[in-house]
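>
Protein chains: 2
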Amino acid sequence: MEAAAAHRVVLVGAGFGGLYAAQALKRAPIQLTVIDRRNFHLFQPLLYQVATGGLSPGEIASPVRHVLSRQRNARVWLAEVKDIDVENRRLRLDDGDASYDTLILATGSHYNYFGHDDWAALAPGLKSIEDATQIRRRILLAFESAEREHDPEQRRAWLTFAIAGGGPTGVELAGALGEIANDTLRHDFRSINPAEAAILLLEGGDRILPAFPPDLSAEAARALMKLGVRCRTSAMVVGLDSAGVTVRTGDHVERIAARTVLWAAGVQASGLGKILSDRTGAPTDRGGRLIVQPDLTVPGHPEIFVIGDLANFSHQTGQPLPGLAPVAMAEGRYVARAIQARLRGKTVSPFHYFDKGALATIGRNKAVAAFGRLHISGFFAWIVWLFVHLMYLVEFDNRLLVLVEWMYNYFTRNRGARLITGGR
Amino acid sequence: MEAAAAHRVVLVGAGFGGLYAAQALKRAPIQLTVIDRRNFHLFQPLLYQVATGGLSPGEIASPVRHVLSRQRNARVWLAEVKDIDVENRRLRLDDGDASYDTLILATGSHYNYFGHDDWAALAPGLKSIEDATQIRRRILLAFESAEREHDPEQRRAWLTFAIAGGGPTGVELAGALGEIANDTLRHDFRSINPAEAAILLLEGGDRILPAFPPDLSAEAARALMKLGVRCRTSAMVVGLDSAGVTVRTGDHVERIAARTVLWAAGVQASGLGKILSDRTGAPTDRGGRLIVQPDLTVPGHPEIFVIGDLANFSHQTGQPLPGLAPVAMAEGRYVARAIQARLRGKTVSPFHYFDKGALATIGRNKAVAAFGRLHISGFFAWIVWLFVHLMYLVEFDNRLLVLVEWMYNYFTRNRGARLITGGR
Numbered sequence: 001m002e003a004a005a006a007h008r009v010v011l012v013g014a015g016f017g018g019l020y021a022a023q024a025l026k027r028a029p030i031q032l033t034v035i036d037r038r039n040f041h042l043f044q045p046l047l048y049q050v051a052t053g054g055l056s057p058g059e060i061a062s063p064v065r066h067v068l069s070r071q072r073n074a075r076v077w078l079a080e081v082k083d084i085d086v087e088n089r090r091l092r093l094d095d096g097d098a099s100y101d102t103l104i105l106a107t108g109s110h111y112n113y114f115g116h117d118d119w120a121a122l123a124p125g126l127k128s129i130e131d132a133t134q135i136r137r138r139i140l141l142a143f144e145s146a147e148r149e150h151d152p153e154q155r156r157a158w159l160t161f162a163i164a165g166g167g168p169t170g171v172e173l174a175g176a177l178g179e180i181a182n183d184t185l186r187h188d189f190r191s192i193n194p195a196e197a198a199i200l201l202l203e204g205g206d207r208i209l210p211a212f213p214p215d216l217s218a219e220a221a222r223a224l225m226k227l228g229v230r231c232r233t234s235a236m237v238v239g240l241d242s243a244g245v246t247v248r249t250g251d252h253v254e255r256i257a258a259r260t261v262l263w264a265a266g267v268q269a270s271g272l273g274k275i276l277s278d279r280t281g282a283p284t285d286r287g288g289r290l291i292v293q294p295d296l297t298v299p300g301h302p303e304i305f306v307i308g309d310l311a312n313f314s315h316q317t318g319q320p321l322p323g324l325a326p327v328a329m330a331e332g333r334y335v336a337r338a339i340q341a342r343l344r345g346k347t348v349s350p351f352h353y354f355d356k357g358a359l360a361t362i363g364r365n366k367a368v369a370a371f372g373r374l375h376i377s378g379f380f381a382w383i384v385w386l387f388v389h390l391m392y393l394v395e396f397d398n399r400l401l402v403l404v405e406w407m408y409n410y411f412t413r414n415r416g417a418r419l420i421t422g423g424r
Numbered sequence: 425m426e427a428a429a430a431h432r433v434v435l436v437g438a439g440f441g442g443l444y445a446a447q448a449l450k451r452a453p454i455q456l457t458v459i460d461r462r463n464f465h466l467f468q469p470l471l472y473q474v475a476t477g478g479l480s481p482g483e484i485a486s487p488v489r490h491v492l493s494r495q496r497n498a499r500v501w502l503a504e505v506k507d508i509d510v511e512n513r514r515l516r517l518d519d520g521d522a523s524y525d526t527l528i529l530a531t532g533s534h535y536n537y538f539g540h541d542d543w544a545a546l547a548p549g550l551k552s553i554e555d556a557t558q559i560r561r562r563i564l565l566a567f568e569s570a571e572r573e574h575d576p577e578q579r580r581a582w583l584t585f586a587i588a589g590g591g592p593t594g595v596e597l598a599g600a601l602g603e604i605a606n607d608t609l610r611h612d613f614r615s616i617n618p619a620e621a622a623i624l625l626l627e628g629g630d631r632i633l634p635a636f637p638p639d640l641s642a643e644a645a646r647a648l649m650k651l652g653v654r655c656r657t658s659a660m661v662v663g664l665d666s667a668g669v670t671v672r673t674g675d676h677v678e679r680i681a682a683r684t685v686l687w688a689a690g691v692q693a694s695g696l697g698k699i700l701s702d703r704t705g706a707p708t709d710r711g712g713r714l715i716v717q718p719d720l721t722v723p724g725h726p727e728i729f730v731i732g733d734l735a736n737f738s739h740q741t742g743q744p745l746p747g748l749a750p751v752a753m754a755e756g757r758y759v760a761r762a763i764q765a766r767l768r769g770k771t772v773s774p775f776h777y778f779d780k781g782a783l784a785t786i787g788r789n790k791a792v793a794a795f796g797r798l799h800i801s802g803f804f805a806w807i808v809w810l811f812v813h814l815m816y817l818v819e820f821d822n823r824l825l826v827l828v829e830w831m832y833n834y835f836t837r838n839r840g841a842r843l844i845t846g847g848r
C-alpha cells in the first residue's frame with residue numbers, strides 16, 4: 001500500500017473547524033482520516049430554524065462522505081473516539097483504532113446546565129438535529145395541549161415559553177417563537193388564540209446579546225418586544241421542573257409557570273477535551289476548553305492541534321476567542337497551512353484571527369450586525385444575514401432548497417416543517 | 425354555544441381517505457372533529473423517497489391543523505382513539521372522550537409479518553416517518569459498516585439488501601437502492617465499491633407487481649435488472665434474523681446472508697378495526713378489514729362509515745378494492761356526499777369506484793402505468809408518475825420544494841437527505 005508511507009493526519013469532528021481544515025488539506029501529500037460519530041456536517045447557525053419548523057433537518061445537513069467524496073487523500077470513518085494514547089499516537093475508537101502522525105481535535109461543545117445535569121431532560125438545548133426535532137415537538141405539543149385544556153391556569157402554563165440564555169441562539173429562538181405565535185398559527189386553533197402566548201427570554205447578564213455592542217442589544221430587545229417577547233435581564237434561572245422555572249433577579253425570587261423551557265445558556269467543551277487534558281497534562285479553562293499554544297497545539301505535543309469550540313485561544317486579546325463558526329473556520333484553515341508548512345520543513349507564524357463581525361437575526365425580516373465599528377440593524381442587516389448564511393451552506397442544493405423554503409416562508413408567513421415526530 | 429346544536433361528525437385518521445372526506449365536508453352544516461394521533465397528513469406514496477434519502481420528512485407531510493385552518497366547521501384534535509361506545513355514540517380517547525352523531529373511521533393499515541411479530545424489529549416496514557428514517561439509517565449504516573469491515577464474507581453480508589414483497593413499495597425501494605449503489609454513492613467510499621451491492625427483491629407470487637398487467641410486470645423486472653436488482657419470484661420468506669433471511673422457492677430452501685432486510689409484504693388493518701368489529705359484530709376479512717355495506721357503513725350502524733385501507737368493499741367486482749390512495753380519496757368524497765344528502769333527508773346511490781389506474785416508478789426515470797387497457801412504461805410513464813404525484817401533494821410549498829429537490833436529484837444523481845439520525 002503506497003498510502004502507508006504518507007504522513008497520516010487524523011481529524012476528529014466534522015463541524016465548521018474540522019471540515020474547513022479537511023478541505024484546506026485537499027492538495028497536501030498526506031493520508032487524511034476524518035472521524036465523526038455522525039455521518040453529516042451540520043450547519044448549526046440554522047438549527048433554530050429546524051427547532052421552529054421553518055426548515056427540515058436535511059436542508060441544513062450534508063453527508064461528510066459526500067462533501068469529501070472527490071478529495072482523494074481523505075477517507076471518512078463513522079466512529080466515536082473513546083480515548084487517546086498520546087505515547088503511541090493512536091486513538092481508541094468504539095470499534096477499532098486509528099494511528100496518527102498529526103492529530104486535529106475539533107469536537108466542539110454541548111450545553112452546560114451549571115452543574116444541574118438533571119435539567120437537560122427538562123429544558124433541551126439546541127446542539128444536534130435530535131435536539132432540534134425534540135424542541136419542535138415540545139413547542140407544537142404545548143399549543144396542542146393548550147387547545148384541549150379547560151383549566152385557564154393550566155392553559156396559561158402551556159402557552160408560556162421560557163428561554164434561558166440571551167445570546168444569539170436564545171434571541172433567534174425567541175424571535176421565531178414570536179412569529180409562530182403571532183403569524184404562523186394564527187388561524188389554526190379554535191379554543192385558544194396563539195398570539196396570547198407569553199414568550200420570556202431570560203438573560204443572566206445586564207443585557208441580551210452581551211457579545212454585541214450595547215446599541216445593538218437595545219435594538220434587538222426592541223425588535224423582540226414587537227414580536228411579543230419579553231426580555232428579562234439580570235435574571236438567573238435557579239430552579240427548574242416540569243411545571244416551570246424559578247428565576248432570581250437580585251434579591252427577588254420568582255416562580256414562573258411554564259410547561260416549555262428551552263436552554264441556550266452557556267456551553268461546555270466536548271468530553272474529549274478532558275481526556276486529552278488527562279493524557280497530556282494540558283490545562284483547560286472553566287468551560288473545559290483546552291488552553292492552546294499560539295500555533296493551536298497542546299503544550300509539549302506539537303503533533304496535536306485543537307480548534308473550534310474545544311480550544312481556548314487567548315494569545316490575541318487576552319480573552320478567549322468566541323465560540324463562533326468564523327473562528328473555527330479560520331482555525332481549521334490555519335492548521336491545514338501549518339501542517340503543510342511543516343511537511344516542507346518550514347514554520348508558520350502564530351494564529352491570528354481577523355474579526356469577521358457578529359450577526360443575529362430576530363424574526364423574519366430583522367437582524368443586528370456588528371462589523372468592527374459599523375453597526376447595522378433592521379431589514380438591511382437581515383439581508384446581510386440571509387446572504388452570509390446562504391453562502392456558507394456547504395452544498396449547492398441545500399442553498400437552493402433553503403432559499404425556496406425561505407422565500408415561501410417569507411411571503412406566506414408559513415412554516416412547512418411543523419411535524420411532531422418521535423413519539424409523544 | 426351555537427355549534428352544540430349542529431350535527432356532530434367525528435372523523436378518525438387524516439390519511440388520504442380522512443382528509444378528502446374532511447375537505448369535501450367544507451360547506452356542510454355540521455361540527456366536524458378530526459382526530460389523529462399524528463399532527464400531520466403523510467403523503468405515503470413518496471415515503472420510499474425519504475427512506476432512500478431523496479426527500480426530507482417535512483417535504484411529504486403537512487400539518488393537519490394547517491390544511492384545515494380555513495375550514496371553520498372543523499377542529500383538529502391530536503389524540504388516539506382507545507375504544508368506541510357504539511351504544512352512546514362516544515369515542516374514548518387517550519385523554520378524554522368525543523361524542524358523535526356520525527362517525528367516519530379511516531385509520532388505515534400497518535405491515536403484517538404473517539404472525540411473526542418479532543420480525544418487525546428485524547425488517548422494518550414503510551408506513552410512518554419514523555419507519556422511513558429508520559430504513560434510511562439502516563441502509564446508510566450498512567455501507568458505513570462495509571467500508572470498515574475486513575472480512576470479505578461479512579462485507580458481502582453488509583452489502584446485501586433483501587426486500588420482502590414485490591408490490592409497488594418493494595419495487596420502488598429496490599429501484600431507489602439500485603440507484604444509490606450505482607450512482608449516488610459512487611465516489612464516496614475508499615475500501616468498497618457500492619456498485620457491488622446485491623439487491624434482492626423477494627416476491628411470493630409468480631411475478632412482481634401482481635396487481636398490474638403481466639406485460640408491465642415483465643417490463644418492471646427488466647428495468648430493475650438494469651439497476652442491478654435481482655427479482656426472485658415464488659420466493660417465500662420463511663425465516664429471518666439479524667444476519668439474514670431464509671427463503672423457500674418450491675421445495676428449495678436457501679439461506680441468504682443479508683444484514684439489511686426491508687419489509688413490504690402485505691398489510692394488516694389498524695387495530696381500531698378489531699375494536700369496531702367487537703363492539704358491533706361487523707365481520708372482518710383475513711387482513712382485519714371491515715366488510716362494509718354498499719354505502720360504506722357497518723351493518724346495523726348507518727351512522728358509522730369505514731373508508732380507505734380499513735374497509736373491505738367488495739360489492740363492485742366481488743374482489744375487495746385495492747388499498748390505494750385513489751380508492752381512499754373516492755371513498756372519502758362519497759361519505760361526505762352521503763352525510764350531506766342525509767341531512768337534507770335524501771339518500772345516495774351505493775358507492776362506485778371509477779378505476780384511476782395504477783402507477784409504480786423504478787429508479788430516476790422509468791415507471792410503469794396501467795390505465796384500463798392502456799399500458800405504458802419507460803420515461804413517458806415516469807413523467808406521468810411525476811405529474812400525478814406532484815399534483816396530489818397537499819400543499820403548494822411542498823410541491824415546489826419537491827420539484828426543486830427532484831430536479832436537482834435528477835440532474836446530479838445526488839440524494840441530499842442522507843442523514844443517519846436517532847442513534848446507532
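So the sequence lines, in the order shown, correspond to chains Y and D. So in the numbering used here, spot 295 of the first sequence is number 295, and the numbers just go up one at a time. So in the numbering used here, spot 238 of the second sequence is number 662, and the numbers just go up one at a time. Beta carbons are placed, not taken as given, at the ideal position from N, Cα and C, and that holds for glycine.
(1) Once the 5 residues before and after Asp131 of chain Y are set aside, which same chain residues still bring their CB inside 8 Å of it?
(2) Give me the chain D residues within the contact set of Leu177 of chain Y, using Cβ-Cβ distance strictly less than 8 Å, ordered along the chain.
(3) Since Arg190 of chain Y meets chain D, which of its residues come closer than 8 Å, beta carbon to beta carbon?
(4) So that I know if they touch, is there some Cβ in chain Y lying closer than 8 Å to that of Gly846 of chain D?
(5) Could you spell out where the alpha helix (DSSP H) holding Pro750 of chain D opens and where it closes?
(6) Would you kindly report the start and end of the unbroken alpha helix (DSSP H) that includes Arg156 of chain Y?
(7) For Gly539 of chain D, name the three-state secondary structure that DSSP assigns.
(8) At a Cβ threshold of 8 Å, is Asn39 of chain Y touching chain D?
(9) Bridge partners for His66 of chain Y per DSSP, in chain order?
(10) Between the region 45-64 of chain Y and chain D, which residues of the former have CB atoms less than 7 Å from a CB of the latter, in chain order?
(11) Pull up the DSSP beta-bridge partners for Val436 of chain D, would you.
(12) At a Cβ threshold of 8 Å, is Met1 of chain Y touching chain D?
(13) Give the single residue among D:Gly628, D:Ala600, D:Gly668 whose Cα lies nearest to the Cα of Gly647 of chain D.
(14) Could you tell me whether any Cβ in chain D is nearer than 8 Å to the Cβ of Gly281 of chain Y?
(15) Excluding the 5 residues flanking Arg683 of chain D on each side, which residues of the same chain have their C-beta closer than 8 Å to its C-beta?
(16) Who are the near neighbours of Thr845 of chain D in its chain, counting only those whose CB is closer than 8 Å to its CB and skipping five residues on each side?
(17) What does a CB cutoff of less than 7 Å around Leu140 of chain Y pick up in its chain, not counting 5 residues either side in sequence?
(18) Using alpha carbons as the reference points, say which of Y:Arg248, Y:Ile135, Y:Asp206, Y:Val261 lies closest to Ala164 of chain Y.
(19) Which residues in the same chain have their Cβ closer than 6 Å to the Cβ of Gly115 of chain Y, if we skip the five residues on either side of it in sequence?
(20) Report yes or no: do three or more beta-carbon pairs, one from the region 449-462 of chain D and one from the region 788-797 of chain D, lie closer than 8 Å?
(21) Please compile the residues from chain Y whose C-beta is within a distance smaller than 9 Å of the C-beta of Arg788 of chain D.
(22) Just the Cα atoms here: how many angstroms apart are Ala3 of chain Y and Leu609 of chain D?
(23) Below 6 Å CB to CB, which residues in the same chain sit around Arg424 of chain Y once its five sequence neighbours on both sides are set aside?
(24) Rounded to the nearest angstrom, what separates Tyr113 of chain Y and Thr836 of chain D at their Cα positions?
(25) Within the continuous beta strand (DSSP E) that includes Ser377 of chain Y, where are the two ends?
(26) Suppose only complete runs of 3+ residues qualify. What are the beta strand (DSSP E) ranges in the region 575-657 of chain D, listed by chain order?
(27) Strictly below 7 Å CB to CB, what residues from chain Y border Ser493 of chain D?
(28) Roughly how many angstroms lie between the CA atoms of Ala282 of chain Y and Val298 of chain Y, to the nearest whole one?
(29) Whole angstroms is fine: what's the gap from Leu240 of chain Y's alpha carbon to Ala174 of chain Y's?
(30) Could you tell me whether the Cβ of Arg399 of chain Y comes closer than 8 Å to any Cβ of chain D?
(31) Quick one: residues in its chain with C-beta nearer than 7 Å to the C-beta of Lys127 of chain Y, no 5 flanking neighbours on either side, listed in chain order?
(32) Along chain Y, which residues have their Cβ under 9 Å away from the Cβ of Gly439 of chain D?
(33) What residues from chain D crowd round Glu149 of chain Y, counting only those whose CB sits closer than 7 Å?
(34) Using a Cβ distance threshold of 8 Å, determine whether the region 228-239 of chain Y contacts the region 147-154 of chain Y, with at least three qualifying pairs required.
(35) Identify every residue that forms a DSSP beta bridge with Phe795 of chain D.
(36) How many angstroms separate the CA atom of Thr593 of chain D from the CA atom of Leu400 of chain Y?
Well, looking at it:
(1) Hits under 8 Å: Leu47, Ala51, Pro124, Gly125.
(2) Within chain D, not a single residue places a beta-carbon under 8 Å from that of Leu177 of chain Y; the smallest gap is close to 17 Å.
(3) What Arg190 of chain Y touches in chain D: Arg499.
(4) Yes, Gly846 of chain D lies at the interface with chain Y (some Cβ there is under 8 Å from its Cβ).
(5) 749-767 is the extent of the alpha helix (DSSP H) around Pro750 of chain D.
(6) Run containing Arg156 of chain Y: 152-158, per the alpha helix (DSSP H) assignment.
(7) Gly539 of chain D carries a coil assignment under DSSP once its states are collapsed to helix, strand and coil.
(8) With 8 Å as the cut-off, Asn39 of chain Y counts as an interface residue toward chain D.
(9) Answer by DSSP bridge pairing: none, since His66 of chain Y is not bridged.
(10) Result list: Ser56, Pro57, Gly58, Glu59, Ala61, Pro63.
(11) DSSP, once it has assigned bridges, lists D:Ile459, D:Leu529 as partnering Val436 of chain D.
(12) Reliability fails at Met1 of chain Y, whose pLDDT of 42 lies under 50, so the model's placement of it is uncertain and the value that follows must be treated cautiously. False, the Cβ-Cβ gap to chain D never drops below 8 Å.
(13) Per the sequence shown, residue 647 of chain D should be read as Ala rather than Gly. Of D:Gly628, D:Ala600, D:Gly668, the residue nearest in Cα terms is D:Ala600.
(14) So, not an interface residue.
(15) Cβ neighbours of Arg683 of chain D beyond the five flanking positions: Ala566, Ser569, Ala581, Trp582, Thr584, Ser666, Ala667, Gly668.
(16) For Thr845 of chain D, the CB contacts under 8 Å within the same chain, skipping 5 residues up- and downstream, are Thr557, Arg561 in chain order.
(17) The residues are Arg418, Ile420.
(18) Out of Y:Arg248, Y:Ile135, Y:Asp206, Y:Val261, Y:Val261 has the C-alpha closest to the C-alpha of Ala164 of chain Y.
(19) For Gly115 of chain Y, where only same-chain residues beyond five positions count, there are no Cβ hits under 6 Å.
(20) Touching, no.
(21) Neighbours of Arg788 of chain D on chain Y: none; closest Cβ ~15 Å, over 9 Å.
(22) Below a pLDDT of 50, predicted positions are generally treated as unreliable, and Ala3 of chain Y, at 47, falls in that range; the measurement from the model is reported next regardless. In this model, Ala3 of chain Y and Leu609 of chain D are separated by some 22 Å (Cα to Cα).
(23) Only weak support exists for where Arg424 of chain Y lies, its pLDDT of 43 falling under 50; the coordinates are left without a value.
(24) Between Tyr113 of chain Y and Thr836 of chain D, the alpha-carbon positions lie close to 44 Å from each other.
(25) In the DSSP assignment, Ser377 of chain Y falls within the beta strand (DSSP E) that extends over 374-378.
(26) For the region 575-657 of chain D, the full-length beta strand (DSSP E) segments reaching 3 residues or more read 584-588, 622-626, 653-656 along the chain.
(27) What Ser493 of chain D touches in chain Y: His187, Asp188.
(28) Approximately 6 Å between the Cα atoms of the pair.
(29) Roughly 19 Å separates the two Cα atoms.
(30) Arg399 of chain Y does not count as touching chain D.
(31) Hits under 7 Å: His110, Tyr111.
(32) Below the 9 Å Cβ cutoff, chain Y contributes no neighbours of Gly439 of chain D, its closest Cβ being approximately 15 Å away.
(33) Under the 7 Å cutoff, chain D gives no residues; its nearest Cβ is about 10 Å from Glu149 of chain Y.
(34) Because the criterion of three Cβ pairs below 8 Å is not met, the region 228-239 of chain Y and the region 147-154 of chain Y do not touch.
(35) Its beta-bridge partners are D:Leu798.
(36) The straight-line gap separating the alpha-carbon atoms of Thr593 of chain D and Leu400 of chain Y is approximately 29 Å.
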